[in-house]
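Chains as they are written, first to last, in this note's numbering: chain U, 1255 to 1514; chain Y, 2 to 253; chain R, 28 to 313.
Presented below is the structure to which this report refers.
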Amino acid sequence: MTAQSGARRKWLDRYGSRLVQVAFVAAILLLWHLATTRWGVNKILLPSPLSVWQQFVDVIRKGEFLADLQITLMELAVAFVVATVSGTVVGYVISRSPYLIKVFEPLFAGIYSIPIILFLPLYVLFFGLGPASKIALGITMSFFPVVLSTIAGFGNVDRVLVTAAKSMGASDWQLFRHVLVPAALPVVLSGLRMGFTIALLSIIGSETIASLAGLGHRIVNLAENMDMARMFAYIVFVIIIAVFLNTAVSALDARGKRQR
Amino acid sequence: MKRYLLRHPGVARLGVILLMLIGWEIAARWFIDPMFISPPSRVLMALGSVFATPNVPAALRLTFFELAVAFALAVIIGVVLGLAVGLSKFGNKTFMPIVLLLYGIPQITILPIFILYFGIGPAAKIAFGVTHGMFPIIMAVVAGVQNIKPILLTSARSMGASNWQILRHVVYPNMIPSLFSGMRLGMTGVLLGVLLAELYVSTGGIGYFTSMFTQNFDPTKLLGLVGILAAMAIALNELVRRGETHFARWRD
Amino acid sequence: MTQAATNTAISVRNVSHSFGEADEARHVKALLDTSLDVTRGELLCLIGPSGCGKSTLLNVMGGLIAPTTGTVMVGDKPVHGPMPNDIAFIFQENALFPWSTIHENMILGMSFQGVPKAERADRAQRALEAVGLDEFAGHYPSQLSGGMRQRAALARALSLETNILLMDEPFGALDEQTRMVLGEDLSVLLSRSKKTIVFVTHSLGEAVFLADRVAVFSARPGTIKEIITVDEPHPRKSAFMTSARFHQQRDQLYDLLHDEIRKSMAQSGKPKRAYEDQSSRAGPAA
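The structure is reproduced here in structure tokens:
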């Protein structure tokens, strides 16, 4: 191989993927644009990217999203905090006894494998159409990944580490603070991250299916009014919010794992 | 007694479930308004009347059909895309970030678009199930073809294996356990997608009955219907899990 | 063709190898201008400090790595890639396919190599008998112990019926006692088969016990520093291991290696001074 072709290959290695990725996204946008402007796809089915962009700018500038965003974030925060506290406490208590792990871990794993979204009608019946039913569903759905990962994290701490700490005279608190927590943290944090994603998903989902307010409700509302461009704009907005929140939580997760 | 329970955590687990049911029974019978919740005994007795409700069996059958078709499509699409992305280094580097990005989107936000495009019939529900189920399968296939121990490839090459033989006898069997764990996650996704769409469309199918039972404050039938669907989900999950254990039995 | 050439199974000429491109941070010179002739029917051990390139040389010989410069000949054929009909490998890690039984592993190996279907079962049976694993043909690798797995890997290599075996620390992951027994078995097996074997190891005892010749490597970038001969017929018995000659040759090897191992260790930090315990417990005795 000549030096020149080697250099070209290295360049392709480094930038080729980015190039194709950008081209891929650009091609989709272009197809979307052509479909709506040239090929006459019905506006009700697919609004043009430009009109979606205009609506998006309008939504942001008027700040009309604030009320819905507030409700959704409030539901999310309450659900995630309750699920985190209850999940880690219950999980830690269970993880202290191999027997309790054997009793409860399969039980939780079994319930976790049921699509809990099915309970939504029950929750609506019980808690009504307001935020309470969304929060309840969010808690139910995110409790399980949190509790399961807490059990896994604290239940699988390497026995050698515990023995070594005890041989150096660590107290119970020191053992917890300096051995159990740092050893379990990566697994527990992954569970919290997953719990967060699931809480977000179930809250927007329940808002979509049965609710009076929130971002999910807004999208359905626009769909029912056939206000397609604005609906697309809201979908883009919600996706941005969701990706932002998930990225932030992933970053916190990575940071927590580094600093343990 | 105590020693017996200590030796058989499974029995203790059943005990826990039983206690929960008894607690529910007591709470529902004497403490909570029967408009909102119904004791498990009554739900069990009412299962017959749920099935006797006109069109409920048809709706359940349709949901099962949607789940089966969506799962099959999710597996096919997931395997094809997974192989396309996973088999080349370039494909993996280029398209994996796009797959991850799409997987990270809360798909529920685009459910109204699915209904708009595919109508309120089974097509929308199947499509929504497929998009939920295929991503875990793509990721599992990619992981499965990428996580081969390099020594196995080297060893096969040293014995003269051709590219096709390596694909058929090394890459493929190595992928199988990963594929099945992906299928388990895919089944979870398909259940979520199909049931979300079913619940969303309240003018037909399961969604019609859940919203009708809710509006009539009929928790007995609602719990019965939800219970039947949950049993269906558990059975499907169990089926895939069995497949996973069977095909991964060579793992230590 | 000269007499020497026909007696040479593998000839390595001026081979150097580097990993990574010259301008990259991970660039490592593994092997420097190495030449070596492996005689037909001998067992040659490569020994040296870790990271000295002995495994790299083995992979170059077998065509699994194309060297940066230099050539390798097997018989009169230049090596450009794997040569399944001439060379079989045994690796340090367990390289059996975990999803296949031991029997299926052997059949698969032979199908890769191109053995006619009708011959495969018979050859597999004979190879498994030779290593004493015929009763375990239906087991999966995960159901066997580490020693049994390496014996199965040996059987798979034997079933390919190549003239050359290249073994990369095949007993490296096993405990001392298992290695000793497997070493004896290997010696017996080889005395019957007349195969040419190149064997990488980091165990001095294993090298002296098994090898006809031992090639000692220098620290990285590795090259062959010296070759010593062990004049003891195969099959070797455990009595050889307790003989004075065994110890003398082992010590000779140790002297050759010691400086190189120190040099190689120095590349990754070395002790500055002895630790002095100042606790009270050290006091009263003084």
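Ideal Cβ positions, reconstructed from N, Cα and C, are used throughout, including at glycine.
Note that this is a predicted model, so its numbers are computed, not measured.
Looking only at its chain, what residues have a beta carbon closer than 8 Å to the beta carbon of residue i, apart from the 5 residues adjacent to it on each side?
{"i": "residue 313/R", "result": "Here residue 313/R scores only 43 on pLDDT, less than 50, and its place in the model should not be relied on; the value that follows carries that caveat. Cβ within range, chain order: n/a, list empty."}
{"i": "residue 68/Y", "result": "130, 191, 192, 195, 233 and 237"}
{"i": "residue 1488/U", "result": "1313, 1319, 1469, 1472, 1473 and 1476"}
{"i": "residue 1419/U", "result": "1428, 1429, 1432 and 1433"}
Whole-angstrom Cβ separation of residue i and residue j, contact assumed at under 8 Å?
{"i": "residue 1483/U", "j": "residue 1301/U", "result": "4 Å"}
{"i": "residue 126/R", "j": "residue 174/Y", "result": "4 Å"}
{"i": "residue 1404/U", "j": "residue 1342/U", "result": "5 Å"}
{"i": "residue 242/R", "j": "residue 85/R", "result": "In fact, because the Cβ distance is near 11 Å, the residues do not count as touching under 8 Å."}
{"i": "residue 239/R", "j": "residue 69/R", "result": "4 Å"}
{"i": "residue 161/R", "j": "residue 155/R", "result": "4 Å"}
{"i": "residue 81/R", "j": "residue 91/R", "result": "That pair is no contact at about 14 Å."}
Near residue i, what residues of its chain come up, given a Cβ to Cβ distance below 7 Å and the 5 sequence neighbours on each side ignored?
{"i": "residue 1443/U", "result": "1507, 1510 and 1511"}
{"i": "residue 66/R", "result": "34, 35 and 36"}
{"i": "residue 61/Y", "result": "229"}
{"i": "residue 1291/U", "result": "1302"}
{"i": "residue 130/R", "result": "151, 164 and 165"}
{"i": "residue 1256/U", "result": "Low per-residue confidence applies at residue 1256/U: pLDDT is 47, beneath 50, and the placement is therefore not dependable, though the value from the model is reported in the following sentence. Hits under 7 Å: none found."}
To the nearest angstrom, how far is it from the Cα of residue i to the Cα of residue j?
{"i": "residue 30/R", "j": "residue 275/R", "result": "Confidence at residue 30/R is low in this model, with a pLDDT of 45, below 50, so the placement of that residue is unreliable and no value is reported for it."}
{"i": "residue 7/Y", "j": "residue 1406/U", "result": "21 Å"}
{"i": "residue 252/R", "j": "residue 134/R", "result": "41 Å"}
{"i": "residue 1429/U", "j": "residue 123/R", "result": "42 Å"}
{"i": "residue 36/R", "j": "residue 249/Y", "result": "43 Å"}
{"i": "residue 76/R", "j": "residue 236/R", "result": "19 Å"}
{"i": "residue 1325/U", "j": "residue 1334/U", "result": "14 Å"}
{"i": "residue 138/Y", "j": "residue 144/Y", "result": "10 Å"}
{"i": "residue 1493/U", "j": "residue 57/Y", "result": "35 Å"}
{"i": "residue 204/Y", "j": "residue 216/Y", "result": "13 Å"}
{"i": "residue 215/R", "j": "residue 305/R", "result": "56 Å"}
{"i": "residue 266/R", "j": "residue 280/R", "result": "20 Å"}
{"i": "residue 5/Y", "j": "residue 1412/U", "result": "29 Å"}
{"i": "residue 1395/U", "j": "residue 211/Y", "result": "19 Å"}
{"i": "residue 1367/U", "j": "residue 53/Y", "result": "28 Å"}
Could you pull the start and end residues of the alpha helix (DSSP H) that residue i belongs to?
{"i": "residue 1485/U", "result": "1482-1512"}
{"i": "residue 1370/U", "result": "Element bounds for residue 1370/U: n/a, residue is neither H nor E."}
{"i": "residue 1393/U", "result": "1385-1409"}
{"i": "residue 131/Y", "result": "123-147"}
{"i": "residue 81/Y", "result": "57-87"}
{"i": "residue 1326/U", "result": "1320-1349"}
Can you tell me which of the three DSSP states residue i falls into?
{"i": "residue 252/R", "result": "strand"}
{"i": "residue 272/R", "result": "helix"}
{"i": "residue 212/R", "result": "helix"}
{"i": "residue 97/R", "result": "strand"}
{"i": "residue 223/R", "result": "strand"}
{"i": "residue 198/R", "result": "coil"}
{"i": "residue 1424/U", "result": "coil"}
{"i": "residue 1297/U", "result": "coil"}
{"i": "residue 321/R", "result": "As displayed, chain R neither begins before 28 nor continues past 313, which places residue 321/R out of reach and without an answer."}
{"i": "residue 106/Y", "result": "coil"}
{"i": "residue 288/R", "result": "helix"}
{"i": "residue 116/R", "result": "strand"}
{"i": "residue 264/R", "result": "coil"}
{"i": "residue 144/R", "result": "helix"}
{"i": "residue 35/Y", "result": "coil"}
In the DSSP assignment, find the unbroken beta strand (DSSP E) run with residue i in it and report its ends.
{"i": "residue 41/R", "result": "35-46"}
{"i": "residue 258/R", "result": "Looking at the DSSP string, residue 258/R is not in any beta strand (DSSP E), and its letter there is neither H nor E."}
{"i": "residue 194/R", "result": "191-195"}
{"i": "residue 62/R", "result": "55-66"}
{"i": "residue 218/Y", "result": "Where residue 218/Y is concerned, there is no enclosing beta strand (DSSP E), given that its DSSP letter is neither H nor E."}
{"i": "residue 74/R", "result": "70-74"}
{"i": "residue 1450/U", "result": "Where residue 1450/U is concerned, there is no enclosing beta strand (DSSP E), although the alpha helix (DSSP H) it sits in stretches over 1435-1463."}
{"i": "residue 171/Y", "result": "Unbroken run through residue 171/Y: none, as it is neither H nor E."}
{"i": "residue 1313/U", "result": "Not the beta strand (DSSP E): residue 1313/U falls in the alpha helix (DSSP H), residues 1303-1316."}
Got a sec? Which residues, its chain only, sit under 6 Å from residue i by beta carbon, not counting five neighbours each side?
{"i": "residue 1/Y", "result": "Outside the displayed range of chain Y (2 to 253) lies residue 1/Y, so it cannot be described from this structure."}
{"i": "residue 1345/U", "result": "1401, 1404 and 1405"}
{"i": "residue 218/Y", "result": "36"}
{"i": "residue 247/R", "result": "78 and 79"}
{"i": "residue 288/R", "result": "76"}
{"i": "residue 256/R", "result": "240"}
Note down, in chain order, every chain B residue with its Cβ under 7 Å from the Cβ of residue i.
{"i": "residue 179/Y", "result": "Absent from the structure: chain B. Protein chains present are U, Y and R."}
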